[in-house]
Structures are given as C-alpha cells and as structure tokens.
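Here the numbering used here is used: the first residue of the sequence shown is 985, the next is one more, and so on. Backbone N, C-alpha and C fix where the C-beta goes; we use that ideal spot for every residue, glycine too. Presented below is the structure to which this report refers.
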Amino acid sequence: MKQESPSGPVRRALRNTCPNCGKGALFTSWLRMAPVCSSCQFDLSELDAGDGPASFLVLIYGAIVVPLAFLLEALFSPPLWVQAVLWGLIMLLATMKSLRPLKAIMIGWQFRIHDPDKKYF
Ligand SMILES: [Zn+2]
985 MKQESPSGPV RRALRNTCPN CGKGALFTSW LRMAPVCSSC QFDLSELDAG DGPASFLVLI
1045 YGAIVVPLAF LLEALFSPPL WVQAVLWGLI MLLATMKSLR PLKAIMIGWQ FRIHDPDKKY
1105 F
C-alpha cells in the first residue's frame, strides 16, 4: 500500500476540500469553515487557525510594502494621499487574495498534527 505524502492534507485543504477525505467542502463561505465534513463526517470544528493567517500576512506584506513605500518616497516623493491609497489598495487586494489559501494551509498543517491515527508522522 502506497503511503500518502505528508502534504496530502494541505493539498486537499487548498482545494477547499476536507483535509481528511478530500471530498467534502472545507469552507461554507469565504473564510467560514464547515463544522463537519459533509462526506466523511470529520469534526472540522476541532481545527481552528485563529488569527494565525492574518498575523502571518501582516508580517509578510508589511516586510514587503514598507520598504517599497520608503523607496517610492525617496525616488518620487508623491503626496501622502497617493502613498496611502496605493499601498492601502495593494495591501487590501493582496490580503483578500491570500487569506483564504493561507488559512487552508494552516488547517492542513493542524490536521496533520491533530490526526488521531498519527499516520502522517
Ligand atoms: Zn471529509
């Protein structure tokens, strides 16, 4: 029997499916997780990423955007409202695009640690 790779739950979660079976939906809306898998009845409420995805995104995008804002200021000195609108929109769009996938990744990681059968370790 072929053993599944440790990244299996993460890949299934990234496809918006249950990290356990890969069939039921993981999210019922943009960021709201289903309480129970509709396919295998796995209790998804035990998995909670909390504020982790948002915290990581603040650190990652902050490390990228702040130096770029300083660079833009040093090179062109645009009005302050241009900086605020530009970087605010970039941060908003980047966060909207990546918050759900990052939450899915963290749920997949959590599932691997939480797995009662310990078949991924
Ligand atoms: Zn399932």
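Tell me whether the region 1085-1099 and the region 992-1010 touch, counting them as touching only if at least three CB pairs, one residue from each stretch, are closer than 8 Å.
yes
Are there three or more Cβ pairs, one per stretch, closer than 8 Å when the region 1035-1045 is compared with the region 1060-1079?
yes
How is T1001 classed by DSSP in three states: helix, strand or coil?
In the sequence shown, residue 1001 corresponds to position 17, counting from 1. Strand, per DSSP.
Can F1026 be considered in contact with ligand 1, in the sense that its beta carbon sits closer than 6 Å to one or more heavy atoms?
Your numbering for residue 1026 matches position 42 in the sequence shown. Answer for F1026: yes, Cβ within range of ligand 1.
Pull up the DSSP beta-bridge partners for D1027, would you.
Counted from its first residue, the sequence shown places residue 1027 at position 43. V1020, per the DSSP bridge assignment.
What are the start and end residues of the alpha helix (DSSP H) that includes T1012?
Position 28 of the sequence shown, counted from the first residue, corresponds to residue 1012. It is not in any alpha helix (DSSP H) - T1012 carries neither H nor E in the DSSP assignment.
My output table needs one value for P1063: the three-state DSSP class, helix, strand or coil.
The count along the sequence shown starts at 1 and reaches residue 1063 at position 79. Here P1063 sits in coil by DSSP.
With a cut-off of 8 Å, do at least 3 Cβ pairs link the region 1009-1023 to the region 1055-1071?
no
If you reduce the DSSP assignment to three classes, tell me which class A1038 lands in.
In the sequence shown, counting from the first residue as 1, residue 1038 sits at position 54. The answer is helix: DSSP assigns A1038 an H, G or I state.
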